[in-house]
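Student:
Number of protein chains: 2
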Amino acid sequence: MSTKPSLFLIPNLLGDVEVDTSLPRSVVEQVKTLRHFIVEDVRTTRRFLRRLDKSFPIDESTFGVLDRHTEAKDIPSLLQPLRKGHDMGVISEAGCPCVADPGADVVRVAHEEGFRVVPLVGPSSIILAQMASGLNGQSFAFVGYLPVEKDERRLAIRRLETRACTERQTQLFIETPYRNRRMFDDLLQACRRDTRLCIACDLTTEHEVVRTMSIADWKRRGCEELTDWDRRPTLFGLL
Amino acid sequence: MSTKPSLFLIPNLLGDVEVDTSLPRSVVEQVKTLRHFIVEDVRTTRRFLRRLDKSFPIDESTFGVLDRHTEAKDIPSLLQPLRKGHDMGVISEAGCPCVADPGADVVRVAHEEGFRVVPLVGPSSIILAQMASGLNGQSFAFVGYLPVEKDERRLAIRRLETRACTERQTQLFIETPYRNRRMFDDLLQACRRDTRLCIACDLTTEHEVVRTMSIADWKRRGCEELTDWDRRPTLFGLL
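In the order they appear, the protein sequences are chains D and H.
Residue 61 in my numbering is what sits at position 61 of the first sequence, and the numbering runs on without skipping anything.
Residue 102 in my numbering is what sits at position 102 of the second sequence, and the numbering runs on without skipping anything.
Shown next as structure tokens:
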């Protein structure tokens with residue numbers, strides 16, 4: 001093992017769940033050794049660290065902020081503790097850092113400077129949705145958010161459906177929870193009857209629901225099963 | 001929570017590592033309650049179950065085999081225990097089931113029959129490689145294996161590079177370990193100098209290496225750092 005300082009990528013919980021449901025013990029132990037973090041939100045990260053360990057020395061820890069407002073020129077300075085010989089951790093708001101968040105930018109700099117980058121095991125809503133979808137897992141893509149504007153969004157849905165169909169590549173995407181129902185309506189209108197749609201909702205929590213049906217079946221059965229859906233983090237998958 | 005029987009998707013370890021490095025405690029506890037499994041290889045699965053619990057009642061458990069030789073017509077019968085009211089587990093040879101393996105076919109049938117499908121948290125070499133690559137995590141695709149034949153393979157590499165470049169979508173793929181070095185040579189020949197290549201090797205083990213550089217830098221530095229590379233499971237990423 002290298003003695004060079006390392007940048008650890010630390011998965012966060014996907015909701016209000018017990019730590020033991022989602023993080024291996026040695027991941028928790030690794031996090032407890034760190035005192036320098038790069039995070040999206042300092043307040044929620046402090047809460048997360050206290051969940052891992054009630055006596056985590058938060059006041060002895062440093063927090064650099066990397067969110068969607070961070071400018072590219074400010075990213076290299078976030079790694080200053082690493083250059084001074086300290087291990088660091090990157091923590092996202094939910095799930096795995098550097099997936100569907102701005103974290104990759106700081107990892108890129110770490111690689112350029114030759115630091116060791118260590119990804120830790122934890123929950124990723126994308127991989128959990130892919131697993132449970134029953135859609136092709138030999139080829140799949142995650143494409144983030146679709147456009148909000150109606151016509152652009154329909155066009156994006158049709159493009160994804162075409163790629164799913166011609167390449168047999170599962171297409172996964174997300175939506176802001178309060179727009180879930182609108183996304184559902186748009187998918188039902190834009191997609192072909194035999195396209196399969198997976199909806200994976202509130203993964204790892206007690207409200208978790210994963211359901212895959214053809215568009216025709218979704219039209220017939222509706223989304224009534226998904227109670228309080230407009231407040232629940234959701235992944236959509238097409239094939 | 002539903003009392004309907006559930007199909008649990010159980011991640012396996014990625015190599016010879018301690019269980020606590022890769023699986024949350026409650027995942028292990030969940031697996032210990034199950035007696036009916038769908039697996040790729042019965043022998044290695046028995047070994048895995050004994051690692052989770054030395055006294056796991058393997059002789060009281062049933063194992064259906066789902067591998068690349070399984071015919072489509074034989075898949076529905078694998079779920080027979082579920083229809084009789086028993087929870088079941090799907091276990092892959094390494095990492096998350098239904099990702100880069102045939103597991104999705106049985107999950108599809110479970111959805112068609114309305115059973116609950118529950119993905120459990122554990123290591124996925126794909127998501128770990130994506131996290132640690134520093135390549136775009138807002139849009140990425142996993143495409144499995146590339147063709148083995150030389151010309152087809154170069155063409156596939158160029159197509160992936162074009163998509164990575166035009167869509168800013170990270171392209172991830174795998175290779176059989178003994179062909180890793182050949183893949184490396186093909187990538188260096190086929191790709192543009194400024195394309196970034198991530199090599200993620202033996203993830204979660206003590207031999208883990210993740211390195212991202214431009215093709216130009218890989219040409220200059222070589223892959224000497226990757227010792228015994230021809231025996232190590234490896235993910236490749238392009239952007």
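Backbone N, C-alpha and C define an ideal beta-carbon position, used for all residues, glycine too.
1. Looking only at its own chain, which residues have a Cβ that is under 7 Å from the Cβ of Arg-153(H), when we skip the five neighbours before and after it?
2. Does the beta carbon of Thr-45(H) come closer than 8 Å to any beta carbon on chain D?
3. List the DSSP bridge partners of His-36(H).
4. Is the Cβ-Cβ distance between Lys-4(D) and Arg-116(D) less than 8 Å?
5. When you check each C-beta in the segment 97-110 of chain H against every C-beta of chain D, which residues fall closer than 9 Å?
6. Using a Cβ cut-off of 8 Å (strictly closer), state whether Thr-234(H) contacts chain D.
7. Assign Val-106(D) to one of three DSSP states: helix, strand, or coil.
8. Find out if the Cβ-Cβ distance for the pair Leu-172(D), Ile-126(D) is shorter than 8 Å.
9. Taking 8 Å as the threshold (beta carbon to beta carbon), is Asp-228(H) in contact with chain D?
10. Straight-line CA distance for Val-19(D) to Gly-89(D)?
11. Given this structure, state the Cα-to-Cα distance separating Ser-2(D) from Arg-158(H), to the nearest angstrom.
12. Taking His-86(H) as the reference, give the member of Ser-6(H), Asp-228(H), Gly-15(H) and Gly-144(H) with the closest Cα.
13. Which same chain residues end up closer than 6 Å to Thr-170(H) when comparing Cβ atoms and leaving out the 5 residues on each side of it in sequence?
14. Does the CB of Gly-89(D) have a neighbour CB from chain H at under 8 Å?
15. Starting from the C-beta of Val-27(H), find all residues in its chain whose C-beta is less than 8 Å away, skip the five residues before and the five after it, and write them out in chain order.
16. What are the residues that DSSP puts in a beta bridge with Val-250(D)?
17. Residues of chain H with CB under 9 Å from Gln-138(D), in chain order?
18. At least one CB of chain D closer than 8 Å to the CB of Gln-130(H): is that the case?
19. Tell me the residue span of the beta strand (DSSP E) that contains Ser-214(D).
20. Excluding the 5 residues flanking Asp-53(D) on each side, which residues of the same chain have their C-beta closer than 7 Å to its C-beta?
21. For my contact list, Pro-24(D) and Ser-22(H) are in at a C-beta cut-off of 8 Å; report their separation, rounded to the angstrom.
22. Against chain H, with Cβ distances strictly below 8 Å, would Gln-169(D) count as a contact?
23. Report yes or no: is there a C-beta of chain D within less than 8 Å of the C-beta of Gly-15(H)?
24. So, using beta-carbon positions, are Val-99(D) and Phe-63(D) closer together than 8 Å?
25. For the segment 69-76 of chain D and the segment 43-59 of chain D, state whether three or more C-beta atom pairs, one from each stretch, are separated by less than 8 Å.
26. Determine whether the Cβ of Gly-122(H) lies closer than 8 Å to any Cβ atom of chain D.
27. If the cut is a Cβ gap below 8 Å, which residues of chain D does Glu-18(H) touch?
Tutor: Concretely, from the data shown:
1. Leu-146, Pro-147 and Asp-186
2. For Thr-45(H), the answer is no, since every Cβ of chain D falls outside 8 Å of its Cβ.
3. Thr-62(H)
4. Cβ distance < 8 Å, so Lys-4(D) and Arg-116(D) count as in contact.
5. Pro-97, Cys-98, Val-99, Ala-100, Asp-101, Pro-102, Gly-103, Ala-104, Asp-105, Val-106, Val-107, Arg-108, Val-109 and Ala-110
6. no
7. helix
8. In contact: Leu-172(D) and Ile-126(D) (Cβ atoms closer than 8 Å).
9. no
10. 18 Å
11. With a pLDDT of only 49 at Ser-2(D), under 50, the local geometry of the prediction cannot be trusted, and no value is derived from it.
12. Ser-6(H)
13. Same-chain partners within the cutoff: Leu-135, Asn-136, Phe-140, Gly-237 and Leu-239.
14. Chain H contact via Cβ: absent.
15. Taking C-beta separations shorter than 8 Å and ignoring five residues to either side along the sequence, the partners of Val-27(H) in its chain run Ile-10, Pro-11, Leu-120, Val-121 and Gly-122, following chain order.
16. Any answer about residue 250(D) is impossible in this case: the structure gives chain D only from 1 up to 239.
17. Val-99, Ala-100, Asp-101, Pro-102, Ala-104, Phe-142, Val-143, Gly-144 and Tyr-145
18. yes
19. Per DSSP, Ser-214(D) belongs to the beta strand (DSSP E) from 209-214.
20. Lys-32
21. That belief holds up - the Cβ atoms of Pro-24(D) and Ser-22(H) are roughly 6 Å apart, short of 8 Å.
22. yes
23. Not one chain D Cβ lies under 8 Å of Gly-15(H).
24. no
25. no
26. yes
27. Ser-26
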